[in-house]
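What follows is a set of notes on a single structure, which appears directly below.
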Amino acid sequence: MVVRGITLSSCHLTMGTSSSPPVAPETTKAAIIEAIKAGYRHFDTAFAYRTEQPLGEAIAEALHLGLIKVQR
45 MVVRGITLSS CHLTMGTSSS PPVAPETTKA AIIEAIKAGY RHFDTAFAYR TEQPLGEAIA
105 EALHLGLIKV QR
């Protein structure tokens, strides 16, 4: 990818998982699954966001649905 004359070897979009006001964990999980479907593979989370659990659940579901694969 070339951006204004700079060549990038790879480009990654990151989805932040913090929200204000906070939303239900189910909402966060659903948003992450949709982001995975759209190609996102990097997610910003932190203990303070309280999104670690829904992120893990979304990743597990995406694996189960075949949206992503484990790299070995």
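Heads up: the sequence shown begins at 45 in this note's numbering, then just goes up one per residue. No residue lacks a Cβ here, since even glycine has one placed at the ideal position from N, Cα and C. Being a predicted model, the structure only gives us computed values, none of them experimental.
Start-to-end residues for the beta strand (DSSP E) that takes in residue i
i: glycine 60; result: 58 to 60
Three-state secondary structure assigned by DSSP to residue i
i: methionine 45; result: With a pLDDT of 49 at methionine 45, under the threshold of 50, the modelled position of that residue is not reliable, and the figure given next carries that caveat. If DSSP states are grouped into helix, strand and coil, methionine 45 belongs with coil.
i: lysine 81; result: helix
i: lysine 113; result: coil
For residue i: DSSP bridge partner residues
i: phenylalanine 87; result: Met59
Spatially closest choice to residue i from the options, by CA coordinates
i: proline 98; options: His56, Thr58, Leu57 and Ala75; result: Ala75
i: alanine 82; options: Ala106, Arg116 and Ala90; result: Ala106
i: isoleucine 77; options: Thr61, Ala90, Val114 and Arg94; result: Thr61
i: glutamate 96; options: Ser64, Val114 and Thr72; result: Thr72
C-alpha gap between residue i and residue j, whole angstroms
i: alanine 102; j: methionine 59; result: 13 Å
i: aspartate 88; j: valine 67; result: 16 Å
i: alanine 90; j: proline 69; result: 14 Å
i: valine 46; j: tyrosine 84; result: Low per-residue confidence applies at valine 46: pLDDT is 47, beneath 50, and the placement is therefore not dependable enough to give any value.
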